[in-house]
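Participant: This is the structure, below, for whatever I ask next.
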Amino acid sequence: MTPSGGDPLDRAQELLSRGWAEAARELVETSGGFRGKQAWRSSNLVGKSFVVREDPDTAARWFARAEEALPAAPPAGAALGIGMNRAMVEVQRGHYDLALRGMGALEPLLVASPDALVAQYWINLAVCQLNLNYFPPALGSLERAEQHLAGDGGPMARAVSVNRGIVLAETDRLDAARSLFVPALADAHDADRLRVLVELARLEFRAGNVTAGMDWVTQAVRHFWTSWIAFHGVELGYVCEVAAMLARHLGAYELSRRLAERALIRYGQASLWREWRGLSTRMEEWGRTSEVRSRPGSAAEVDALGEFLTLIDFMAAQDLVEPGASLISDLRIQTVEAMGATGATGSLEPMGHGGTGTRLGEDIPLDGFVWVSRLSDVGLGAMEPGVASQPDRSPAAWARFTKHPELSLKLLRDMDLSGDVRAAILDHHELWNGQGFPAGKSGPAVHLWARWYRVADVFARALSRGLSHSAAVAEVDGARRAGMLDPACTERFRIGVGSLLDGHLIETF
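In case it helps, our numbering puts the sequence shown at residues 7 to 515.
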């Protein structure tokens, strides 16, 4: 834990670096930092909190406000940092030309900026150049970034390696790219790890090393299901693309096309046009030839990819019925991971990095909970939208709504899910006081994973409605006082999540 006290803006930055966007924003807003010399820094932090939640339009407004609040003689690097944030918001919007022009206008500020910020500038510039297929300039930018890096490695050194590997792979220097990706994988976390796995799979397929490519795809799919990387982000597009390549090599052409289409949809929604164009071109090549460089796939291998496609379609259907469902799922997973990182006394327990076998106290594996969080409401996708959005509009609508946990299990009946996952899905609306559904179970009769789920779901849904961190915590406490939640689970929540604004920061990754 990080002790209480200290600069609230430093604490907000620490919260933000661990994905607690609402907590960081609330800490900034209550610190009084919008007045006086720190107004620019406060606005900049709030802008970054909206970047974390993938709201680039709101982020851009806060970065503009930060720029306006800069004093006449700003701290070294302040103008460069805010300017980079504004430019990278354009990357998030898919406006790569605007981002590149914005970055170019900042170059005169490098002279008076700290080395770490200068290194970040060249990395960000390389990202803009990569997205426009300007590979030689991107390589040059990464070399300049390296000149300003500290010698102890760290996240920026990994970013240089991964992006250089992408440039080398795109220019068919596959062995050199591989020599950068493999070491970077050892230190990567969550979404970064997934991206490296995907790039390794792409590289091996391009090199004709199908067996190695298949191994990397398998690891990428497993990592997707065992961590709380954002399902609502672009990560799923990356996984679908390499899964499509694997299906192609296994001779499952129709399955390959359908997986590639899912990737194209994700890339288009995220304005990742370089990835979109690359995959689109590859699909055209697939349409001109049926030749593959490998054996036909076994039934088990093809079935596994088909199951993956079915599951992501189920999850996508939830977003259609309930906008924001994927974000709520990701917030639940993040919350439960923090709850599991501390015992009832506040002591840390080993966590790992979200891989198979990670335990969340009381014998709850994180990967098992990921399945529950992402698949619990698939039954809503088979109901008319009015029932899902307004279940209390009539007694008949409510009666249908209360059947959706059972319907979820029916839709998932052919999936290879554990007994605990199925039991938790069935119980995810059961309450400690017995007033839930579908069976009205109470107390310990409710599956343990479902009890953790209920606490996290109250919190996640409160955040998704725009409530502050404290207000969302208060909703959990209100549900506890009403007898709806397991007291032991809410105590874990209080320590791991509720106390974040008191200065206690649980290390979850």
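All C-beta atoms, glycine included, are put in the ideal place defined by N, C-alpha and C.
1. Do L155 and Y127 have their C-beta atoms closer together than 9 Å?
2. For V117 and P80, what's the separation of their Cα atoms in angstroms?
3. Starting from E260 and walking both ways along the alpha helix (DSSP H), at which residues does that stretch end?
4. So what does DSSP say about P444, is it helix, strand or coil?
5. Quick check on the DSSP output: the alpha helix (DSSP H) that includes W292 runs from which residue to which?
6. Look at the alpha carbon of E32 and the alpha carbon of L372, and state the distance between them as a whole number of angstroms.
7. Would you mind giving the Cβ-Cβ distance between E560 and L285, rounded to the nearest angstrom? I have them listed as a contact below 8 Å.
8. What is the rounded straight-line gap between the Cα of M94 and the Cα of S470?
9. Rounded to the nearest angstrom, what separates R170 and L186 at their Cα positions?
10. Please classify E74 as buried or exposed, where buried requires at least 16 neighbouring CB atoms within 10 angstroms.
11. How would you call N439, buried or exposed, if buried means at least 16 neighbouring beta carbons within 10 angstroms?
12. Grouping DSSP H, G and I as helix and E and B as strand, with all else coil, what is P411?
13. How many angstroms separate the CA atom of G484 from the CA atom of V452?
14. Quick check: what's the CA-CA separation for L326 versus G392?
15. By the three-class DSSP mapping on this structure, what secondary structure does A77 have?
16. Count the other CB atoms, across all protein chains shown, that sit within 10 Å of the CB of N91; report buried if there are 16 or more and exposed otherwise.
17. Give the straight-line distance between the Cα atoms of L381 and I339, rounded to the nearest whole angstrom.
18. Can you round the beta-carbon distance between W292 and R254 to whole angstroms, since I take them to be within the 8 Å contact cut?
19. In this structure, how does DSSP classify A371 when only helix, strand and coil are distinguished?
20. If you count every other CB in all the chains shown that lies within 10 Å of the CB of A488, and 16 or more means buried, which is it?
21. With distance defined between alpha-carbon atoms, name the residue in R500, S424, A403, E313 nearest to G346.
22. Are the Cβ atoms of V342 and W231 separated by less than 9 Å?
23. Could you check the C-alpha separation between V378 and P120 for me, to the nearest Å?
24. Does the separation of the CB atoms of V97 and C134 fall below 9 Å?
25. Can you grab the Cα-Cα spacing for the pair D398 / W404, in whole Å?
26. Can you tell me which of the three DSSP states L473 falls into?
27. Where does P356 land, buried or exposed, given buried means 16+ other C-beta within 10 angstroms?
28. Can you tell me where the alpha helix (DSSP H) holding W530 begins and where it ends?
29. Which residue spans inside the segment 112-155 form an unbroken alpha helix (DSSP H) run of at least 4?
30. What do you reckon, are the CB atoms on I334 and W455 nearer than 9 Å?
31. Should E281 be labelled buried (16 or more other beta-carbon atoms within 10 Å of its own) or exposed?
32. Shortest alpha-carbon distance to A310 belongs to which of D383, A322, V227?
33. Determine the burial state of N139: buried for a count of at least 16 other Cβ atoms within 10 Å of its Cβ, exposed for fewer.
34. Return helix, strand or coil for E35, following the three-state DSSP convention.
35. Which residue marks the beginning of the alpha helix (DSSP H) containing M421, and which one marks its end?
Facilitator: For this structure:
1. no
2. 14 Å
3. 259-275
4. coil
5. 279-294
6. 28 Å
7. Given that the chain is displayed from residue 7 to residue 515, the structure contains no residue 560 and the question cannot be resolved.
8. 24 Å
9. 8 Å
10. exposed
11. exposed
12. helix
13. 20 Å
14. 12 Å
15. It should be pointed out that residue 77 corresponds to Pro in this sequence rather than to Ala. Coil at P77, not helix or strand.
16. buried
17. 12 Å
18. 6 Å
19. Note that residue 371 corresponds to Pro in the displayed sequence, not to Ala. Here P371 sits in strand by DSSP.
20. exposed
21. R500
22. no
23. 45 Å
24. yes
25. 5 Å
26. coil
27. Any reading at P356 is ruled out, since the residue's pLDDT is 31, under 50, leaving its predicted position unreliable.
28. Nothing can be reported for residue 530, as the shown portion of the chain is limited to 7 through 515.
29. 121-137, 141-153
30. no
31. buried
32. V227
33. exposed
34. helix
35. Taken as a continuous stretch (DSSP letters only), M421 belongs to no alpha helix (DSSP H), as it is neither H nor E.
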